[in-house]
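For reference, the structure is listed below as structure tokens.
There are 2 protein chains.
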Amino acid sequence: MKALFFDGHLALREVERPHPGPGEALIQVLLAGICGTDLEILKGYSKFRGILGHEFVGRVVECEDARLLGKRVVGEINISCGECDFCLWGLGRHCPTRTVMGIVNRDGAFAEFVTLPVVNLHEVPREIPDEAAVFVEPLAAAGEILEQVRIPPSVHVAVIGDGRLGLLVAQVLHNNLAQVTVVCKYGWKLDLARRWGLKVASIDGGEMLARRFSIVVEATGSPAGLDQALHLVAPRGTVVMKSTFHNPAQFDTGKLVVDEITLLGSRCGDFRRALGLLARGLVNVEHLVSKTFPLESGLEAFEFLNTTSCLKVLLVPSRP
Amino acid sequence: MKALFFDGHLALREVERPHPGPGEALIQVLLAGICGTDLEILKGYSKFRGILGHEFVGRVVECEDARLLGKRVVGEINISCGECDFCLWGLGRHCPTRTVMGIVNRDGAFAEFVTLPVVNLHEVPREIPDEAAVFVEPLAAAGEILEQVRIPPSVHVAVIGDGRLGLLVAQVLHNNLAQVTVVCKYGWKLDLARRWGLKVASIDGGEMLARRFSIVVEATGSPAGLDQALHLVAPRGTVVMKSTFHNPAQFDTGKLVVDEITLLGSRCGDFRRALGLLARGLVNVEHLVSKTFPLESGLEAFEFLNTTSCLKVLLVPSRP
Numbered sequence: 165m166k167a168l169f170f171d172g173h174l175a176l177r178e179v180e181r182p183h184p185g186p187g188e189a190l191i192q193v194l195l196a197g198i199c200g201t202d203l204e205i206l207k208g209y210s211k212f213r214g215i216l217g218h219e220f221v222g223r224v225v226e227c228e229d230a231r232l233l234g235k236r237v238v239g240e241i242n243i244s245c246g247e248c249d250f251c252l253w254g255l256g257r258h259c260p261t262r263t264v265m266g267i268v269n270r271d272g273a274f275a276e277f278v279t280l281p282v283v284n285l286h287e288v289p290r291e292i293p294d295e296a297a298v299f300v301e302p303l304a305a306a307g308e309i310l311e312q313v314r315i316p317p318s319v320h321v322a323v324i325g326d327g328r329l330g331l332l333v334a335q336v337l338h339n340n341l342a343q344v345t346v347v348c349k350y351g352w353k354l355d356l357a358r359r360w361g362l363k364v365a366s367i368d369g370g371e372m373l374a375r376r377f378s379i380v381v382e383a384t385g386s387p388a389g390l391d392q393a394l395h396l397v398a399p400r401g402t403v404v405m406k407s408t409f410h411n412p413a414q415f416d417t418g419k420l421v422v423d424e425i426t427l428l429g430s431r432c433g434d435f436r437r438a439l440g441l442l443a444r445g446l447v448n449v450e451h452l453v454s455k456t457f458p459l460e461s462g463l464e465a466f467e468f469l470n471t472t473s474c475l476k477v478l479l480v481p482s483r484p
Numbered sequence: 165m166k167a168l169f170f171d172g173h174l175a176l177r178e179v180e181r182p183h184p185g186p187g188e189a190l191i192q193v194l195l196a197g198i199c200g201t202d203l204e205i206l207k208g209y210s211k212f213r214g215i216l217g218h219e220f221v222g223r224v225v226e227c228e229d230a231r232l233l234g235k236r237v238v239g240e241i242n243i244s245c246g247e248c249d250f251c252l253w254g255l256g257r258h259c260p261t262r263t264v265m266g267i268v269n270r271d272g273a274f275a276e277f278v279t280l281p282v283v284n285l286h287e288v289p290r291e292i293p294d295e296a297a298v299f300v301e302p303l304a305a306a307g308e309i310l311e312q313v314r315i316p317p318s319v320h321v322a323v324i325g326d327g328r329l330g331l332l333v334a335q336v337l338h339n340n341l342a343q344v345t346v347v348c349k350y351g352w353k354l355d356l357a358r359r360w361g362l363k364v365a366s367i368d369g370g371e372m373l374a375r376r377f378s379i380v381v382e383a384t385g386s387p388a389g390l391d392q393a394l395h396l397v398a399p400r401g402t403v404v405m406k407s408t409f410h411n412p413a414q415f416d417t418g419k420l421v422v423d424e425i426t427l428l429g430s431r432c433g434d435f436r437r438a439l440g441l442l443a444r445g446l447v448n449v450e451h452l453v454s455k456t457f458p459l460e461s462g463l464e465a466f467e468f469l470n471t472t473s474c475l476k477v478l479l480v481p482s483r484p
């Protein structure tokens, strides 16, 4: 089968179709999304070697459990042991011996087929089209913030970053009745946010915005985002950090200590919340798709993502 | 009067005795303590210019309220407006227009006399000697952690750093029934902690200690402490950061995001808890005093602190 393989440089390769192990399903990939983390992996993040890709929707084509055959599914990306304390606490996403699809020691979904444990799969309801279902993984990551931080409706929240993840986070928090302002440089992406009823502000607003927000979500994907977040957050406020990047960030910890800021790392979330949001039409993802490339043109898709002011870029494998 | 003045370099100066403003008291300083923050100010932290010193015990010698005259007092170091939202919420320590004694725009206590608003003063109970009362400010800062983080008795807590603040934090948390381990390089300070019934471990324990603690308090006073804390903390755990230093810290935010760590800045605390702990003899501070210098030998005291493996160094002004 064809796959986008990374071994220090990215290439389209012809590789063997994977074989599902015990308890696993073989899934034909219908649509996959490129994430900021994929771009960071190309720079060296997590030292990954293998087939990239962790955002996908697919169809089960091989599986011990016959009821799953032919079903359209999305898949949780952390493959955990199921036996350690974290797994027993329901925190398999933090299992110390986990692999992570397309990120840590396990092949991902930028391929015609992928395998995952059956326990990782969620069936996609009929009312969610492929083009929306492919957003379940990043939408779950956005929703994770609600599992970690209590956000009363009166609280003012800034989301920094007008990228794919930032616009999902802003919608999820807005839907949760928080007072959300998307803060970024002015541009067409902020106009999009405004059309969805979100407040927007320019990051160049400077002192006007300083220390104005009890909660700030950093979703810029850049080390500079943390300094911006610390600029916006009020004393005793919380900064939620969503970006993962290859290089360590440097910031003024004095501000963190003096203002008693809480800095909270936030990663993958629960797929069920994301599926519920999409099934009920509570989040707009259709305007987030900038372009869809055939899997065979994957290198071109990465090039497009790196050089264009765009949002989500999708990959579609050819159907056999 | 004599005072230790910093204007880019530290010097003993003869300066005018301060005059208390409306609502203020004039306090004769009986004993003052040198803090890590004072050392950072000498390196440029907070760009302070004036008389250093924010840990002290003194006696009220001039005050509109006659009941305070002659009383032995300690003083909260943040001088707030009393009218903004933070002040009304009881968070005057975060008042945006505050001054901070010996740190931000207000003369401190390394002098024969100092002024403070009467509302900042707490009378020291008879059973607390000067040598213990001088620890109220750092002990309150240690206790602040208990206002910010819920620490059930079953939770394993690491305190990194065997300095003045680290040993106070460890005692306060131990007294609160947490399972505390002081983690540092082996030495006489760790022996002291062990004699108080605290568990101790060498920071060189490496992988043995990795990800073993739900809560880690960083009290090293050094930018490297944050990396050590992130090494010790378990996934979804909390790092409390107490150190303030002049230079920005650099650290791997990827670990923070992937393990969903909470990093919490923590600063000044409530003096009443500290006074209660000392009055009831629940915290050992007598073994924390390394040496007491006359105020006139203040430069020598700073030199001693910079060049010796010691704990708290005190300054005592001569009595008129």
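So the protein sequences, as listed, match chains E and X.
Going by the numbering used here, the first sequence opens with residue 165, and the numbers climb by one from there.
Going by the numbering used here, the second sequence opens with residue 165, and the numbers climb by one from there.
Note that CB positions come from ideal geometry on N, CA and C, so glycine has one too.
Just so it is clear, the structure is predicted and the values come from calculations on it, not from any experiment.
Looking at C-alpha atoms only, which residue of Val336(X), Phe377(X), Pro302(X) and Glu371(X) is the closest neighbour of Trp360(X)?
Here residue 360(X) refers to the residue found at position 196 of the second sequence. Trp360(X) has its Cα closest to that of Val336(X), out of Val336(X), Phe377(X), Pro302(X) and Glu371(X).
Could you have a look at Phe170(E) and say whether DSSP puts it in helix, strand or coil?
Taking the first residue of the first sequence as 1, we reach residue 170(E) at position 6. Phe170(E) falls in the strand class under three-state DSSP.
If we cut at 8 Å on Cβ distances, does His395(E) have a partner in chain X?
Within the first sequence, numbered from 1, the residue matching residue 395(E) stands at position 231. For His395(E), the answer is no, since every Cβ of chain X falls outside 8 Å of its Cβ.
Assuming Leu478(E) contacts Ala196(E) under a Cβ cut-off of 8 Å, what Cβ separation, rounded to an integer in Å, is found between them?
The residue given as residue 478(E) occupies position 314 in the first sequence. The residue given as residue 196(E) occupies position 32 in the first sequence. 7 Å between Cβ atoms; contact.
Counting contacts by CB-CB distance shorter than 8 Å, is Ile425(X) in contact with chain E?
Locating residue 425(X) in the second sequence gives position 261, counting from the first residue. By this cut-off, Ile425(X) is an interface position.
Boundaries of the alpha helix (DSSP H) in which Val333(X) is found, first to last residue
Translated into the one-based positions of the second sequence, residue 333(X) becomes position 169. Here the alpha helix (DSSP H) through Val333(X) covers Arg328 to Asn339.
Given that Lys406(X) touches chain E, what residues does it touch there, using C-beta distances under 8 Å?
Here residue 406(X) is taken as the residue at index 242 of the second sequence, counted from 1. Near Lys406(X) (Cβ distances below 8 Å), the residues of chain E are Val421.
Please list, in chain order, the chain E residues whose beta carbon lies closer than 9 Å to that of Gln414(X).
Here residue 414(X) corresponds to residue number 250 of the second sequence, with the count starting at 1. What Gln414(X) touches in chain E: Pro412, Ala413, Gln414 and Phe415.
The region 442 to 452 of chain E touching the region 411 to 428 of chain E, judged by at least three CB pairs closer than 8 Å
no
Tell me, which residues are paired with Gln343(X) by DSSP?
Residue numbering aside, residue 343(X) sits at position 179 when the second sequence is read from its first letter. In DSSP, Gln343(X) forms a bridge with His320(X).
For chain X, is any of its Cβ atoms less than 8 Å away from the one on Ser430(E)?
Within the first sequence, residue 430(E) is the residue found at index 266, counting from 1. Judged by the 8 Å Cβ criterion, Ser430(E) is in contact with chain X.
Starting from Thr201(E), trace the alpha helix (DSSP H) in both directions and tell me its first and last residue.
Numbered from its first residue, the first sequence carries residue 201(E) at position 37. Taken as a continuous stretch (DSSP letters only), the alpha helix (DSSP H) holding Thr201(E) covers Gly200 to Lys207.
Are there three or more Cβ pairs, one per stretch, closer than 8 Å when the region 247 to 264 of chain X is compared with the region 166 to 183 of chain X?
no
Can you tell me whether Lys476(E) is helix, strand or coil according to DSSP?
The residue given as residue 476(E) occupies position 312 in the first sequence. Note: Lys476(E) maps to strand in three-state DSSP.
Is there a C-beta anywhere in chain E that falls below 8 Å from the one on Arg400(X)?
Here the question's residue 400(X) lines up with position 236 in the second sequence. Yes, its Cβ sits closer than 8 Å to a Cβ of chain E.
Using CA atoms only, rank isn't needed, just tell me which of Gly185(E), Gly200(E) and Glu460(E) is closest to Arg270(E).
Numbered from 1 along the first sequence, position 106 holds the residue referred to as residue 270(E). The shortest C-alpha separation from Arg270(E) is found at Gly185(E).
Proximity test, Cβ basis, 8 Å: Leu337(X) and chain E
The sequence position of residue 337(X) within the second sequence is 173, counting from 1. Chain E contact via Cβ: absent.
Opposite Asn163(E) in the DSSP bridges: which residues?
Past the edges of chain E, shown from 165 to 484, lies residue 163(E), and the structure says nothing about it.
Residues of chain X with CB closer than 7 Å to the CB of Leu255(E), please, in chain order.
Taking the first residue of the first sequence as position 1, residue 255(E) is located at position 91. Ordered by position in chain X, the residues that pass the 7 Å Cβ test against Leu255(E) are Arg400.
Would you check if the region 456 to 473 of chain X and the region 319 to 331 of chain X touch, i.e. whether three or more CB-CB distances between them fall below 8 Å?
no
Confirm, please, whether the CB-CB distance from Cys474(E) to Phe468(E) is below 8 Å.
Reading the first sequence from its first residue, position 304 is the one you call residue 468(E). Reading the first sequence from its first residue, position 310 is the one you call residue 474(E). Their beta carbons are under 8 Å apart, which means Phe468(E) touches Cys474(E) by this criterion.
Cross-chain neighbours of Leu390(E) in chain X, by beta carbon under 9 Å
By one-based count along the first sequence, residue 390(E) stands at place 226. Chain X residues near Leu390(E): Thr417.
Among residues of its own chain, excluding the 5 on either side of Gly462(E), which ones have a beta-carbon nearer than 8 Å to its beta-carbon?
As a first step, residue 462(E) must be located in the first sequence, where it is residue number 298. Leu168, Leu174, Leu176, Phe274 and Leu479.
Any idea if His286(X) is buried or exposed, counting beta-carbon neighbours within 10 angstroms, 16 or more meaning buried?
The sequence position of residue 286(X) within the second sequence is 122, counting from 1. The residue is buried, with at least 16 neighbouring Cβ atoms inside 10 Å.
Once DSSP output is grouped into helix, strand and coil, what is the label at Leu210(E)?
Counting from one through the first sequence, the residue named residue 210(E) turns up at place 46. The residue asked about is misnamed: residue 210(E) is Ser in this sequence, not Leu. Reduced to three states, the DSSP call for Ser210(E) is helix.
C-alpha distance - Val397(X) paired with Gly234(X), whole-angstrom precision
Taking the second sequence and counting its residues from 1, the one referred to as residue 397(X) is at position 233. Taking the second sequence and counting its residues from 1, the one referred to as residue 234(X) is at position 70. About 48 Å.
Bridge-paired residues (DSSP) for Pro281(E):
As a working note, residue 281(E) is residue 117 in the first sequence. Looking at the DSSP assignment, Pro281(E) forms a beta bridge with Glu188(E).
Is there at least one Cβ from chain X nearer than 8 Å to His218(E)'s Cβ?
Along the first sequence, read from residue 1 onward, the residue named residue 218(E) stands at position 54. Not one chain X Cβ lies under 8 Å of His218(E).
How far does the beta strand (DSSP E) with Cys251(X) in it extend, from its first residue to its last?
For the purposes of this step, residue 251(X) is taken as the residue at position 87 of the second sequence. Where Cys251(X) is concerned, there is no enclosing beta strand (DSSP E), although the alpha helix (DSSP H) it sits in stretches over Asp249 to Leu252.
Quick one: is His320(E) near chain X, going by C-beta distance under 8 Å?
Sequence index remark: in the first sequence, residue 320(E) carries index 156 (1-based). So no, His320(E) is outside the interface.
Between the Cα of Asn242(X) and those of Arg483(E), Leu232(E), Asp423(E) and Glu464(E), spot the shortest distance and give me the residue it belongs to.
Position 78 of the second sequence, counted from the first residue, corresponds to residue 242(X). Looking at the Cα atoms, Asp423(E) is the closest of the given residues.
Residues of its chain near Glu226(E), where Cβ-Cβ distance is below 7 Å and the 5 sequence neighbours each way are ignored
In the first sequence, residue 226(E) corresponds to position 62, counting from 1. Same-chain partners within the cutoff: Pro184, Ala189 and Leu190.
Identity of the residue in Glu291(E), Thr263(E) and Lys363(E) nearest Ser210(E) by Cα:
In the first sequence, counting from the first residue as 1, residue 210(E) sits at position 46. Per the Cα distances, Thr263(E).
Quick one: which chain E residues come within Cβ less than 8 Å of Phe250(X)?
Indexing the second sequence from 1 puts residue 250(X) at position 86. What Phe250(X) touches in chain E: Pro399.
Beta-carbon proximity check, Met165(E) vs His218(E), cutoff 8 Å:
On the first sequence, residue 165(E) is found 1 positions in, with the first residue counted as 1. On the first sequence, residue 218(E) is found 54 positions in, with the first residue counted as 1. Going by C-beta atoms, Met165(E) is not nearer than 8 Å to His218(E).
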